[in-house]
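According to my numbering, the first sequence holds residues 923 to 1534 in order.
Quick reminder that beta carbons are idealized off the backbone N, C-alpha and C, glycines included.
Computed from a predicted model, the values in this text were never measured in an experiment.
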Amino acid sequence: MSLKLRRDHRCGQMSVDKVGQNVCLSGWVNVVRDLGGLIFVELRDATGKVQLVADPNKNKEVHDVFVNLKNEFVIAVSGKLTGRPEGTCNHSSPTGLVELYPDQCEILNTARPLPFQLDQGEKVDEALRLKYRYLDLRRPEMSKNLVMRHKISQAVRRYLDTEGFIEVETPILCKATPEGARDFLVPSRLNPGSWYALPQSPQLFKQTLMISGVDRYYQIARCFRDEDLRADRQPEFTQIDMEFSFVDEEEVQRVTEGVLVESFACAGIELKPPFQKMSYADAMGLYGSDKPDLRFGLEFKDFTAVARNCKFKMFKDVAEAGGLVKGIVLSGKAETTSRKHLDTWADYAKSCGGKGLAWISFGKEGLRTSGLEKHLTADEIEQIIQIAGAGVGDVILIVADKAKQVANVLGRLRLKLGEELGLIDETLHKLLWVVDFPLFEYDEEEGRLMAVHHPFTSPRVEDLDKLESDPESVKARAYDIVYNGVEIGGGSIRIHNQEMQSKAFAAIGLDRETASEKFGFLLEALESGAPPHGGIALGLDRMVMLLCGCKSIRDVIAFPKTQSGACPMTSAPSAASDEQLNELKVYNKLDKTTEKGKTTDKDKKGSCEPVC
RNA sequence: GGGAUCGUAGCUCAGUUGGUUAGAGCGCCUGCCUGUCACGUAGGAGGUCGCGGGUUCGAGUCCCGUCGGUCCCGCCA
923 MSLKLRRDHR
933 CGQMSVDKVG
943 QNVCLSGWVN
953 VVRDLGGLIF
963 VELRDATGKV
973 QLVADPNKNK
983 EVHDVFVNLK
993 NEFVIAVSGK
1003 LTGRPEGTCN
1013 HSSPTGLVEL
1023 YPDQCEILNT
1033 ARPLPFQLDQ
1043 GEKVDEALRL
1053 KYRYLDLRRP
1063 EMSKNLVMRH
1073 KISQAVRRYL
1083 DTEGFIEVET
1093 PILCKATPEG
1103 ARDFLVPSRL
1113 NPGSWYALPQ
1123 SPQLFKQTLM
1133 ISGVDRYYQI
1143 ARCFRDEDLR
1153 ADRQPEFTQI
1163 DMEFSFVDEE
1173 EVQRVTEGVL
1183 VESFACAGIE
1193 LKPPFQKMSY
1203 ADAMGLYGSD
1213 KPDLRFGLEF
1223 KDFTAVARNC
1233 KFKMFKDVAE
1243 AGGLVKGIVL
1253 SGKAETTSRK
1263 HLDTWADYAK
1273 SCGGKGLAWI
1283 SFGKEGLRTS
1293 GLEKHLTADE
1303 IEQIIQIAGA
1313 GVGDVILIVA
1323 DKAKQVANVL
1333 GRLRLKLGEE
1343 LGLIDETLHK
1353 LLWVVDFPLF
1363 EYDEEEGRLM
1373 AVHHPFTSPR
1383 VEDLDKLESD
1393 PESVKARAYD
1403 IVYNGVEIGG
1413 GSIRIHNQEM
1423 QSKAFAAIGL
1433 DRETASEKFG
1443 FLLEALESGA
1453 PPHGGIALGL
1463 DRMVMLLCGC
1473 KSIRDVIAFP
1483 KTQSGACPMT
1493 SAPSAASDEQ
1503 LNELKVYNKL
1513 DKTTEKGKTT
1523 DKDKKGSCEP
1533 VC
């Protein structure tokens, strides 16, 4: 089809300096304002909106076309751009000083009334927005997000290129790994009974590339994890994946800081590296989180020493069992904190799995407590106040429990209070490296040690001798990068030595045979001259979400999944035909499917097995 | 696997203690209207109250189940 009118300008470019020029524009009818005589139409394209005017006295033909225009019709117009008459300018629009009286107008396509109005924006039910995602993405708020994502990707590519990185693509059809998240599986037609796994990350490939001598690799890589979804978690997501040869932590962190400086600059945010560092132990001890939000205080105070020597059984037992008694201080909140507030917070603490919440309110009229004065001496309460650094007008909230539980309960309470009491300075951009993670953590359910980061993470040199004797005390050469309390990336210096890698596998209970079967190629590669190497992966979706000011990564992904992992637009996932399954030698254990392709019994777990 | 919450017109919502013919704004359709920019104005069409069952003389409203959305816990090396 040949167009009579060929676009030569974009709506967003229409400004006073183009007045007098002949322009041809194409786009969508954003809105029609038909005054009976004059008809105003807002024309929208990817760059913006501009006002078109049809005057029946000036051009009857064009006016006749305009009379029939409806929202979201696709049109092309041409004519001379004019400045708006005195008093009719719209100063709230970027193109509000100009308008176009077309001398030609062509309707390129019509549109039925839409299932939702584009100007209703975020108010529209998300399921509907996802079903008609192509309409949702027409909204400038959404297309802005896509553009921001593009800009950040481009900035990252530009920056990493200057730092000597090359982008290498790694397979999507991979081998399943025993550790980590649940894998998505893909049956192999050519090898009936065998399955590929989609990559949880390109981890092993990028390490292999280091052994190949690639030196510096990056990839904006799609990753897949078959776990439950959240506002910030999708089954497929994108990482800025990097790996470096011959580096230590400092170099990885320097380059990562550069990536973040460039990315944040896309959103007009200036970051100043180097970023603050904090040990995992401090993060957990002071904020009860491995990703503390440092935009506000409320650091934990430790009252365990007082508790150990007091007569209050509740505190004393916890302290003697190796637990902790810790609290946070709400400065100057004694007057505004009612008993109801305290009860609500205590309920919240319980809902987080805590046993309760003790409190001391240091009001003008004197002390009020959650009954603590019955169990503690005045001197002990005074000691607590001293340790808390509290004074008149302050409130102290106290939790006593196992160390892990104190961190969990008090950490979550801290976040809730930070928000509820308006303590968070929204203008701050707090970047933080969390370092010195433990290498392993004991998993009660599995009954074995698990890698905190992943099993390829190098132990700290000074802890090497403890790898077998006291593995839980070994620190990892790992680092997470945290932005305003959100983990946006993590990485480590890797093991580049076969012997140590075997020891690490052994520590997490991976026997020689399994290790060899699952990771034999890596162990072998490590024996062929593997350079010291390390890297990091940044969560692109989360970064873009935060930089766009969105609450969900779904708003920065063009075609995201719902919480149940479905795509309302395409209705994926759907049943496969018997023909397809037969070809794959896969047997469907589920009951027969309905016409709609949905399983008749949702309670049964979908499971497919090779027939052989 | 668990907790919370939502589902009423195309969209966003209201709908009292269970009681007559289920309402509003926007959108849509038909008029009128020459400087609008949330155009205005007059009229009109439009409803399996997510679905199934139960309680009741009577259910949008109460109960049970189910489907779908969202948030969270678990899970996410």
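Unbroken beta strand (DSSP E) run spanning residue i, endpoints
i            : result
residue 1185 : Not the beta strand (DSSP E): residue 1185 falls in the alpha helix (DSSP H), residues 1171–1188.
residue 994  : Taken as a continuous stretch (DSSP letters only), residue 994 belongs to no beta strand (DSSP E), as it is neither H nor E.
residue 1238 : Unbroken run through residue 1238 is the alpha helix (DSSP H), 1235–1242; no beta strand (DSSP E).
residue 1248 : 1246–1252
residue 900  : Residue 900 is absent from the structure shown; the chain starts at 923 and stops at 1534.
residue 1405 : 1400–1405
residue 955  : 944–956
Start and end residues, alpha helix (DSSP H) containing residue i
i            : result
residue 1463 : 1462–1470
residue 1501 : 1500–1506
residue 1303 : 1300–1310
residue 1202 : 1202–1209
residue 1141 : Premise fails: residue 1141 lies in the beta strand (DSSP E), 1138–1146, not in any alpha helix (DSSP H).
residue 1417 : No alpha helix (DSSP H) holds residue 1417; DSSP gives it neither H nor E.
residue 1080 : 1062–1084
residue 1323 : Segment 1317–1323 is the beta strand (DSSP E) holding residue 1323; no alpha helix (DSSP H) there.
residue 1127 : 1125–1133
residue 1166 : From DSSP, residue 1166 is part of no alpha helix (DSSP H) but of the beta strand (DSSP E) over 1158–1167.
residue 1442 : 1434–1448
Residues near residue i by beta carbon distance below 6 Å, same chain, minus five either side
i            : result
residue 1487 : 1157
residue 976  : 961, 984, 985 and 988
residue 1128 : 1139 and 1165
residue 1109 : 1117, 1506 and 1508
Proximity of residue i and residue j at Cβ, strictly below 8 Å
i            : j            : result
residue 1011 : residue 966  : no
residue 1089 : residue 1177 : no
residue 1274 : residue 1336 : no
residue 1103 : residue 1124 : no
residue 1396 : residue 1448 : no
residue 1404 : residue 1468 : no
residue 1272 : residue 1278 : yes
residue 1024 : residue 1001 : yes
residue 1352 : residue 1216 : yes
residue 1550 : residue 996  : Examination of residue 1550 is not possible in this model, given that the chain is present from 923 through 1534 alone.
residue 971  : residue 944  : no
residue 1357 : residue 1199 : yes
Residue i versus residue j: straight-line alpha-carbon distance, rounded
i            : j            : result
residue 926  : residue 1121 : 49 Å
residue 1463 : residue 1161 : 8 Å
residue 1078 : residue 1474 : 22 Å
residue 1240 : residue 1323 : 6 Å
residue 1049 : residue 1492 : 12 Å
residue 1554 : residue 1316 : Residue 1554 lies beyond the range of the chain shown here (923 to 1534); nothing can be said about it.
residue 1105 : residue 1440 : 14 Å
residue 1430 : residue 1350 : 40 Å
residue 1524 : residue 963  : Caution is warranted here: a pLDDT of 32 is assigned to residue 1524, below 50, making its placement in the model unreliable, and no coordinate value can be reported.
residue 958  : residue 1042 : 26 Å
residue 1536 : residue 1246 : It is not possible to answer for residue 1536, since the shown part of the chain is limited to 923 through 1534.
residue 1225 : residue 1410 : 33 Å
residue 1288 : residue 1348 : 34 Å
residue 998  : residue 1480 : 27 Å
residue 1382 : residue 1398 : 5 Å
residue 1172 : residue 1400 : 11 Å
residue 1284 : residue 1304 : 11 Å
residue 1159 : residue 1202 : 26 Å
residue 1425 : residue 1098 : 21 Å
residue 940  : residue 1076 : 30 Å
residue 1423 : residue 1167 : 17 Å
residue 1034 : residue 992  : 9 Å
residue 1258 : residue 1454 : 57 Å
Cβ-based neighbour list, residue i, same chain, cut-off 7 Å, excluding 5 preceding and 5 following
i            : result
residue 1006 : 1019, 1020 and 1021
residue 1332 : 1210, 1222, 1248, 1250 and 1321
residue 1419 : 1448
residue 1037 : 1050 and 1054
Nonlocal neighbours in the same chain, by C-beta distance under 8 Å from residue i, ignoring five residues either side
i            : result
residue 1394 : 1360, 1362, 1363, 1364 and 1371
residue 929  : 946, 947, 948 and 998
Looking at C-beta atoms only, is the number of pairs between the segment 1308–1323 and the segment 1369–1376 that lie closer than 8 Å three or more?
The segment 1308–1323, when compared against the segment 1369–1376, does not touch it at the 8 Å Cβ threshold.
Indicate whether the contact test is met: 3 or more Cβ pairs, each with one atom in the segment 1492–1510 and one in the segment 1187–1200, closer than 8 Å.
Cβ pair count under 8 Å is below three, so no.
Are there three or more Cβ pairs, one per stretch, closer than 8 Å when the segment 1002–1019 is compared with the segment 1443–1454?
Here the segment 1002–1019 makes no contact with the segment 1443–1454; the two share fewer than three CB pairs at distances below 8 Å.
Would you say the segment 1294–1305 touches the segment 1232–1241, given that touching needs at least three Cβ pairs under 8 Å?
Flag = yes, the segment 1294–1305 and the segment 1232–1241 touch.
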